[in-house]
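So the structure is just underneath, and the comments pick up after that.
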Amino acid sequence: MKKRINLKGRNLLKLSDLSDAEMLYLLDLADSLKRKKKRGVCGNLLAHKNIALIYEKASTRTRSAFTVAAVDEGGSVEFLGQHDIHLGKKESIKDSARVLGRMFDAIQFRGFKQETVEILARYAGIPVWNGLTDDAHPTQALADLMTIREYFNHLKGLKVVYMGDGRNNVCLSLMMGCAKAGVNFVDCTPRALAPAQARLDEVFAVARRNACTVTVEPDPARAVVGAQVIYTDVWVSMGEESKFDERLRLLKPYQVNMDLIRQTGNAGRNGVIFLHCLPAFHNHETELTRTLGALEVTDEVFEAPFSKVFDQAENRMHTIKALMVATLTGRR
Ligand code: CP
Ligand code: NVA
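Each residue of the sequence shown is one higher than the one before, counting from 76 in the working numbering.
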């Protein structure tokens, strides 16, 4: 008999906190909440729920997604930026967690150390969600999988190739999400940026269970053959700015351009899509790329019809809404 899924009261600190079935349940719930929003139906599933949004790092999508998703379903959010609260400075994380836990119904944390979100979860006594740390970006991976499934109508057996910084938060969460969903995953990255063996061993075990493969492949031409999804992220994550020159040198051969898309063998017949968690350096229009031009993806790929990056960005909101509804109210 199929086990009933009820996520009420649960945290999401990393994707492996969810069973495979629980992760897929959140994707199904996100699909149905998306349909509800498109029909223009206002909800009250999060009525009287107060949510703290703690941010040590900048955000456009994640903050907006949590805010709009909560308000759509009748909830309220309070933004607590790094200069607004005492967290870890004038007050221990443990004490702040216990205070916030007495007032709010849930906490979303974005910041540096994974340990911070873990301490919050240990002491707050309310659901805590990771909105990105140095180690993980689990809500991003939910939106990524939702977007892939929306396009291909299924997940199992597809091939996703991630190009670039192969040990960053986005890559590691996507790798785990693919393994949990039975999607073959290739981490195409130079040896110097390959994930730690312990992270790989954890994900290999999940992939074995779901009859798919996870591999690390430094050669872009070999990696992308047969891919249905080409994914990339910035070469330098927040907090690693001092590594910029080194990363530029290491990752130039990993840029996603039309040649690479053609090498999948799936271009030109709706057989391959491009994804990026965003923000992306694809043109001269940012402070950083004014002189350098495109970095991890060319403008041609970013603006192509097979680029689904804005569907993906929108799906952040639907998946985050599903996470909040499921962990705050239980089964629907
Ligand atoms: N993808 C993502 O997390 O975007 P933000 O940094 O804008 O939240
Ligand atoms: N890897 C990036 C993701 C941003 C959404 C970072 O951590 O800066």
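Ideal placement from N, C-alpha and C gives every residue a C-beta, glycine not left out.
Look at the alpha carbon of residue i and the alpha carbon of residue j, and state the distance between them as a whole number of angstroms.
i	j	result
Ala181	Arg114	28 Å
Pro380	Ser134	26 Å
Asp276	Gly314	26 Å
Asp240	Val291	12 Å
Leu403	Trp204	11 Å
Leu325	Leu268	9 Å
Val235	Met392	22 Å
Gln61	His351	Residue 61 falls outside the range modelled here, since the chain spans only 76 to 407, and no answer is possible.
Lys164	Asp209	19 Å
Gly405	Pro293	43 Å
Phe377	Ala256	26 Å
Met399	Gly149	12 Å
Gly156	Lys132	8 Å
Arg138	Ser171	20 Å
Pro202	Met333	43 Å
His229	Cys287	14 Å
Leu93	Leu87	8 Å
Cys246	Asp147	30 Å
Glu375	His161	45 Å
Arg283	Cys117	42 Å
Phe141	Ile80	23 Å
Asn390	Arg297	30 Å
Lys112	Thr222	16 Å
Lys318	Gln189	20 Å
Ala127	Ala211	19 Å
Pro265	Leu335	16 Å
Ala196	Gly84	11 Å
Lys78	Leu370	46 Å
Tyr329	Asn285	28 Å
So the alpha helix (DSSP H) residue i belongs to, where does it begin and stop?
i	result
Tyr198	Gln189 to Ala199
Thr402	Val384 to Thr404
Glu281	It should be noted that the sequence gives Val, not Glu, for residue 281. Element bounds for Val281: Gln272 to Arg284.
Asn205	Here Asn205 belongs to no alpha helix (DSSP H); instead the beta strand (DSSP E) covers Val203 to Asn205.
Arg114	First-last for Arg114: undefined, no H or E at that position.
Val146	Arg136 to Asp147
Asp219	Pro213 to Phe227
Ala254	Asn244 to Ala256
Over the uninterrupted beta strand (DSSP E) stretch that includes residue i, give me the two end residues.
i	result
Arg408	In the structure as shown, the chain begins at 76 and stops at 407. Residue 408 is therefore absent and cannot be evaluated.
Lys234	Lys234 to Met238
Thr290	Val289 to Val291
Is the separation between the beta-carbon of residue i and that of residue j shorter than 8 Å?
i	j	result
Ser91	Asn125	no
Lys383	Leu108	no
Gly176	Ala199	yes
Leu217	Leu102	yes
Val372	Val311	no
Leu120	Ala145	no
Tyr226	Cys263	no
Leu353	Arg136	yes
Pro213	Ser248	yes
Asp308	Asn358	no
Val278	Val289	yes
Val304	Gln338	no
Ala105	Thr394	yes
Leu220	Gly252	yes
Which residue or residues does DSSP assign as beta-bridge partners of residue i?
i	result
Leu128	Phe154 and Gln183
Cys263	Met238
Asn166	Residue identity check: residue 166 is Glu in the sequence provided, not Asn. For Glu166, which the question treats as bridged, DSSP gives the partners Leu162.
Leu87	Trp204
Val372	Val331
If we cut at 8 Å on Cβ distances, does residue i have a partner in chain C?
i	result
Cys352	In the displayed structure, chain C is absent; only one protein chain is listed.
With a floor of 3 residues, list each beta strand (DSSP E) that falls wholly inside the region 297 to 366, ordered by position along the chain.
Listed in chain order, they are 304 to 307 and 348 to 351.
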